[in-house]
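Chains as they are written, first to last, in my numbering: chain A, 32 to 319; chain B, 218 to 495. Ideal placement from N, C-alpha and C gives every residue a C-beta, glycine not left out. Working notes, structure below.
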Amino acid sequence: MTRREWWALSYGEKRERFNDAFNHFFIWILKSFASFVTATGELAKFAATSIKLAFRAPSRWDEVIVHMEFVGNKSITIICLSGLFTGLALSYQIYLGFKIVNMTAMVGPTVGLGVFRELGPVLTGLIVSARAGGAMAARLGTMRVTEQIDALEVMGVDPVQYLVSPRIIATVLVMPLLTAVYDFVAMLGCYLICVYLFDIDPAQLVSQTTEWLEPYHLWEGLFKGALFGLFFSVICTNRGYNTKGGAEGVGNSTNEGVVTSMVMIIVVDFFVTNLINVFYQLKATLLQ
Amino acid sequence: MTETNAEQQSNIQYAVDMSDVKKSFDGKEFVLNGIDLKIPKGKITVIIGYSGTGKSVLLKHILGLLHPTSGSIKVSGKEITSMTDEQLTKLRQDYGMLFQYAALFDDMTAIENVMFPLKEHRRDMPRSERLQIAKDRLKDSGLDPKHFNKLPAEMSGGMRKRVGLARALALDPDILIYDEPTTGLDPVLTEMVDNLIVSTHNLRKGSTSIVVSHDLYAAFRIADHVAMLDSGRVLLHGTPEDFLNSEIDLVKRFVAKGVRKELQPKNGESEEPARSTE
Chain A
32 MTRREWWALS YGEKRERFND AFNHFFIWIL KSFASFVTAT GELAKFAATS IKLAFRAPSR
92 WDEVIVHMEF VGNKSITIIC LSGLFTGLAL SYQIYLGFKI VNMTAMVGPT VGLGVFRELG
152 PVLTGLIVSA RAGGAMAARL GTMRVTEQID ALEVMGVDPV QYLVSPRIIA TVLVMPLLTA
212 VYDFVAMLGC YLICVYLFDI DPAQLVSQTT EWLEPYHLWE GLFKGALFGL FFSVICTNRG
272 YNTKGGAEGV GNSTNEGVVT SMVMIIVVDF FVTNLINVFY QLKATLLQ
Chain B
218 MTETNAEQQS NIQYAVDMSD VKKSFDGKEF VLNGIDLKIP KGKITVIIGY SGTGKSVLLK
278 HILGLLHPTS GSIKVSGKEI TSMTDEQLTK LRQDYGMLFQ YAALFDDMTA IENVMFPLKE
338 HRRDMPRSER LQIAKDRLKD SGLDPKHFNK LPAEMSGGMR KRVGLARALA LDPDILIYDE
398 PTTGLDPVLT EMVDNLIVST HNLRKGSTSI VVSHDLYAAF RIADHVAMLD SGRVLLHGTP
458 EDFLNSEIDL VKRFVAKGVR KELQPKNGES EEPARSTE
């Protein structure tokens, strides 16, 4: 409708059209919300079934080890590389800012807090979800479209227990370790740039950092790492397992799996950070 | 097995007995609309029909992968519609299935693929024994031992079918199911797969073979019984001869399009492989 046609309408017609448009928009919102709730419910059910099946006979721990090697060992190089450069870049920026207020001694603790509590788990989650999560979705998707999953079912082997559960358990176990590696390498980057580029006294850097950082900062990050691992492995295996169509379907489910995982990691991080803070406040109140 | 059970088993004439099976996914349209089908034990039964007539859905019901909306399905005398998932999982060990494209696990070699069901269901069996059984099954299926350690990606379509069949036979199943075994294959491979089905059946006395296909020519070459589906019902179930002599219009048209006259069964005079000898 052109602007002129719109102005030519009577007040009643305009109101009617506006109401129609509003109703459509409202219905769209409701439908989107309903489908979001349904999808979330299905995902939660899928996760619960997979985890429950992991502890049922027959044992699949040999499969868990294989997937731990795939998710963990094969991600070490990119984790180290990104951790190192995150530490270098973050320390550089923070140093420049703190130099203005003459607080360069606080570069170490600030980088430490940022890396341990946020950047470590979030970036590890994003990197591993793109690498291993994408591979999981593609592998299961290919198995689905080539009837390999049907073949398992016909053979009397539960495909969720054989294919999905070990991947989820392996990811949840490996993600805290990868996060710890990321944290360590990022702090190494911070040390290198502070000591060798900005001439900060190494003893002062280490003492300040250890003074300000508490073990629970590290635990918090490791917990987040495991949680993000759970999220992306469930999302990616679910997408792969429910792939429809041929090669295009595999591409779509891989793409959806990785994108949804990445967005979810960032969204969930915000809520988990808040929940953890509420937990600490409650704990402090109860201890007083 | 007790004597009474053994007697009961031997009295069961039908490997699969479906009565008035209906299936609807949306509650409105019925994909299966009152299927009555009795698949005799120890015979090769070919289920044919145009695309979209419910062949695959029927197969999934026999395998217990789908539950009917109503009706009864008995496999070897046992009602499967009321079985729990665990009971169905156990029951599926009695089945062997060859998929259209073999559905081999692409990260496993031919021999590992055949050993897989044994590894899953015969956990107490020593590895050497599993290996020997897998080798025997592959040899029975006609695969040259030099291909035993090849991955599916390194094998031809025919070789993959042989490995798929060997895997289906690994647990020594009572019922062998072939889902569109010759679809997309060239005439030479089609004949090879048909021969394989018949020779495997003849080798395993007492086993039942169910072949789902829309290749009527192949169906007549191998079948003891043919069942034709249309609109979710069994249009005709009988011997290939009953089929050729049928006066049902749709059957006549299907036969006219699907079978060349010179290739019709000739009661043993055919040069094509003989049907199963029971």
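| query | result |
| --- | --- |
| Sequence-distant residues of its chain with Cβ nearer than 8 Å to B:L453 (five each side left out) | V443, A444, M445, D459, F460, S463, I465 and V468 |
| Where A:E178 falls, given that 16 or more other Cβ within 10 Å makes a residue buried | buried |
| Sub-8 Å separation of A:V299 and A:G172 beta-carbons | no |
| 6 Å CB neighbourhood of A:G17 in its chain, flanking five on each side removed | An answer regarding residue 17 of chain A cannot be provided, because it is not within the stretch 32 to 319 covered by chain A. |
| B:L433 versus B:D396 - alpha carbon distance | 14 Å |
| Whole-number beta carbon distance between A:R198 and A:H98, since they are thought to touch under 8 Å | 5 Å |
| Bridge partners - B:P257, DSSP secondary structure assignment | B:Y231 |
| Helix, strand or coil at B:I465 according to DSSP, with G and I counted as helix | coil |
| Range covered by the beta strand (DSSP E) that runs through B:H442 | H442 to D447 |
| Whole-angstrom distance between B:D403 and B:L360, CA atom to CA atom | 19 Å |
| Own chain, CB closer than 6 Å to A:E94, minus 5 neighbours either side, in chain order | P197 |
| Delimiting residues of the beta strand (DSSP E) encompassing B:S425 | As written in the sequence, residue 425 of chain B is Thr, which differs from the Ser given in the question. Segment T425 to V429, the beta strand (DSSP E) holding B:T425. |
| Short CB-CB distance (under 8 Å) between B:A473 and chain A | no |
| N- and C-terminal bounds of the beta strand (DSSP E) containing B:S287 | S287 to V292 |
| Cross-chain neighbours of B:M314 in chain A, by beta carbon under 9 Å | D181, A182, V185 and M186 |
| Residues, ordered as in the chain, of the stretch 262-282 of chain B that lie near chain A by beta-carbon distance below 8 Å | L280 and L282 |
| Opening and closing residue of the alpha helix (DSSP H) in which A:L261 lies | P246 to Y272 |
| The stretch 65-99 of chain A: positions lying closer than 8 Å to chain B by Cβ | P89 |
| 8 Å Cβ cutoff met for A:V138 and A:F129 | yes |
| Cβ distance (whole Å) where A:F263 is taken to contact A:G145 below 8 Å | With a Cβ gap of about 22 Å, A:F263 and A:G145 do not count as contacting. |
| Whole-angstrom C-beta distance between A:A168 and A:S284, which should lie under 8 Å | 5 Å |
| Alpha-carbon to alpha-carbon, A:S122 and B:E303 | 57 Å |
| A:Y311 (DSSP reduced to helix, strand or coil) | helix |
| Closer than 8 Å to chain A by CB, B:P490 | Confidence is the limiting factor: at B:P490 the pLDDT is only 42, short of 50, which leaves the residue's position unreliable, though a coordinate-based value still follows. For B:P490, the answer is no, since every Cβ of chain A falls outside 8 Å of its Cβ. |
| Where B:E371 falls, given that 16 or more other Cβ within 10 Å makes a residue buried | exposed |
| Proximal residues of chain A, C-beta to C-beta of B:T298 below 9 Å | Residues of chain A passing the Cβ test: none, with the nearest at roughly 17 Å. |
| Inter-stretch contact (C-beta, 8 Å, three-pair minimum) for the stretch 98-113 of chain A and the stretch 299-319 of chain A | no |
| According to DSSP, residues forming a beta bridge with B:T262 | B:I427 and B:H442 |
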